[in-house]
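S.K.:
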Amino acid sequence: MESEITTDASTYVGRFAPSPTGPLHLGSLVAAVGSWLDARRHGGRWAVRIDDVDRTRAVTGADATILRSLEAHGLTWDGPVVYQRERDEQYAAALQRLIDAGHAFPCACTRRELRAVARHGPAGMIYPGTCRDGLPPGREARSWRMRAADMTLEFEDRRLGRQRVAMAAEIGDFIIRRGDGLFAYHLAMAVDDADLGVTDIVRGADLLIATAPQMALRDALGLHRPRHLHLPLAISTAGTKLSKQTAAPAVDDAQASRNLVTVLAILGLSAPKELAGAPPGELLAWAVDHWAPAALPEGDIRVA
Ligand code: GLU
Numbered sequence: 044m045e046s047e048i049t050t051d052a053s054t055y056v057g058r059f060a061p062s063p064t065g066p067l068h069l070g071s072l073v074a075a076v077g078s079w080l081d082a083r084r085h086g087g088r089w090a091v092r093i094d095d096v097d098r099t100r101a102v103t104g105a106d107a108t109i110l111r112s113l114e115a116h117g118l119t120w121d122g123p124v125v126y127q128r129e130r131d132e133q134y135a136a137a138l139q140r141l142i143d144a145g146h147a148f149p150c151a152c153t154r155r156e157l158r159a160v161a162r163h164g165p166a167g168m169i170y171p172g173t174c175r176d177g178l179p180p181g182r183e184a185r186s187w188r189m190r191a192a193d194m195t196l197e198f199e200d201r202r203l204g205r206q207r208v209a210m211a212a213e214i215g216d217f218i219i220r221r222g223d224g225l226f227a228y229h230l231a232m233a234v235d236d237a238d239l240g241v242t243d244i245v246r247g248a249d250l251l252i253a254t255a256p257q258m259a260l261r262d263a264l265g266l267h268r269p270r271h272l273h274l275p276l277a278i279s280t281a282g283t284k285l286s287k288q289t290a291a292p293a294v295d296d297a298q299a300s301r302n303l304v305t306v307l308a309i310l311g312l313s314a315p316k317e318l319a320g321a322p323p324g325e326l327l328a329w330a331v332d333h334w335a336p337a338a339l340p341e342g343d344i345r346v347a
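Pasting the structure below:
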């Protein structure tokens, strides 16, 4: 964990990467504000990427709604918005490199087959290895998987400290191209963040579990490892994460200042009373001055 902010301003690149499955809600606004503040405090760049690699989940118009909300909350971005759906060529090239280097193998298994036999780890089903050494006779490849090395992957999280993940035992061989032909989120992420030159990933703690597979992919592709800061999650009083999956309400853009005060409190910053009704730009300027990742709450935060 850190005590001060030391990155060279000219090299910091952060990003916010919402999936366009619905409007911004309080949980995603926490990730947006946290990553924006960290980037601005470092004098760095902040990119926005629409994570729509999974077309089956993208909701038409959700990207525009999200961008409007970011604007309403004063969260200005640098450069053009990047869309994953325009980047299949880059993902295909990365997949080919993984295949050529022996890191990826074709898999014939269906989810239903795996459900019957697979163990469950912290990130879901752990692949039992059926196609690892070749497709079973008479079966055709559906998807591609990344071989999980028999090693412990270690990385530092700026809030949560040293993380150790036993790749084979806890994650297993994971999907990088799906049975329906779409590239998987981990592969897209690893390639996109590298192409954007992202130095710092700041996102919700629900994605801590995604970090090890994404790092394994970067290592295998010879891409740099960004720093990570996983933010506390906003959870409902019932104890569930505020997300689109739990039908968290959309943030009301007309209440941007009030939303920001709530989000800043989740990020450990209590805005002074006299700023309560201030416009977003003023609240954010105060927050940049006071941003202190070392003071982030250790646990998740309940909001009404
Ligand atoms: N698109 C992912 C999501 O909305 C976030 C990706 C990331 O920040 O790494 O959950």
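Mapping the sequence shown onto the working numbering, position 59 (from 1) lands on 102, and the numbers just tick up by one.
Think of the CB as a built atom: it goes at the ideal place given N, C-alpha and C, for glycine as much as any other residue.
#1: Look at the alpha carbon of residue 63 and the alpha carbon of residue 226, and state the distance between them as a whole number of angstroms.
#2: Can you tell me whether residue 252 sits near ligand 1, meaning its C-beta is under 7 Å from at least one heavy atom of the ligand?
#3: Out of 135, 172, 237, state which residue places its alpha-carbon closest to the alpha-carbon of residue 150.
#4: Starting from residue 126, follow its DSSP beta bridges and name the residues at the other end.
#5: Name the residue from 116, 188, 211 whose alpha carbon lies nearest to the alpha carbon of residue 196.
#6: Under 8 Å Cβ to Cβ from residue 333, same chain only, skipping five residues before and after it: list those, please.
#7: In angstroms with no decimal places, state the Cα-to-Cα distance between residue 93 and residue 61.
#8: Taking 7 Å as the cut-off, is the CB of residue 101 close to at least one heavy atom of ligand 1?
#9: Helix or strand or just coil, what does DSSP make of residue 54?
#10: Locate the alpha helix (DSSP H) running through residue 139, then write down its first and last residues.
#11: Using a Cβ-Cβ cut-off of 6 Å (strictly less than) and excluding sequence neighbours within five positions of residue 266, which residues of its own chain qualify?
#12: What alpha helix (DSSP H) runs, 4 residues minimum, are completely inside the segment 293-335?
#13: Taking only heavy atoms of ligand 1 into account, decide whether any of them is closer than 7 Å to the Cβ of residue 295.
#14: Determine the contact status of residue 294 and residue 138, defining contact as a CB-CB distance below 8 Å.
#15: Can you tell me where the alpha helix (DSSP H) with residue 232 in it begins and where it stops?
#16: Determine the DSSP secondary structure at residue 47, reduced to helix, strand or coil.
M.R.: On the basis of the supplied data:
#1: Start at 1 with the first residue of the sequence shown, and residue 63 comes out as number 20. Start at 1 with the first residue of the sequence shown, and residue 226 comes out as number 183. C-alpha separation (whole angstroms): 16 Å.
#2: For this step, residue 252 is matched to residue 209 along the sequence shown. In this structure, ligand 1 has no non-hydrogen atom nearer than 7 Å to the beta-carbon of residue 252.
#3: On the sequence shown, residue 150 is found 107 positions in, with the first residue counted as 1. Closest by alpha carbon: 172.
#4: Here residue 126 is taken as the residue at index 83 of the sequence shown, counted from 1. In DSSP, residue 126 forms a bridge with 93.
#5: To locate residue 196, count along the sequence shown from 1; it is residue 153. Closest by alpha carbon: 211.
#6: For the purposes of this step, residue 333 is taken as the residue at position 290 of the sequence shown. For residue 333, same chain residues with a beta-carbon under 8 Å away, outside a window of 5 residues either side, are 312 in chain order.
#7: Walking along the sequence shown from the start, residue 93 turns up at place 50. Walking along the sequence shown from the start, residue 61 turns up at place 18. If I take the Cα positions, the gap works out to 6 Å.
#8: Along the sequence shown, read from residue 1 onward, the residue named residue 101 stands at position 58. Remark: the shortest separation between the CB of residue 101 and any heavy atom of ligand 1 does not fall under 7 Å.
#9: Translated into positions along the sequence shown, residue 54 becomes position 11. In the displayed model, residue 54 falls within a helix according to three-state DSSP.
#10: For this step, residue 139 is matched to residue 96 along the sequence shown. It spans 131-143 - the alpha helix (DSSP H) in which residue 139 sits, taken as one unbroken run.
#11: Mapped onto the sequence shown, residue 266 falls at position 223. Hits under 6 Å: 237.
#12: Runs of the alpha helix (DSSP H) inside the segment 293-335: 299-309, 323-333.
#13: Sequence index remark: in the sequence shown, residue 295 carries index 252 (1-based). Checking every heavy atom of ligand 1 against the Cβ of residue 295, none is found closer than 7 Å.
#14: In the sequence shown, the residue the question calls residue 294 occupies position 251. In the sequence shown, the residue the question calls residue 138 occupies position 95. Result no, Cβ atoms of residue 294 and residue 138 do not sit closer than 8 Å.
#15: The residue given as residue 232 occupies position 189 in the sequence shown. Where residue 232 is concerned, the enclosing alpha helix (DSSP H) starts and stops at 228-239.
#16: Looking up residue 47 in the sequence shown gives position 4. At residue 47, the pLDDT of 49 sits below 50, so the modelled position is not reliable; the number obtained from the coordinates is stated separately. Note: residue 47 maps to coil in three-state DSSP.
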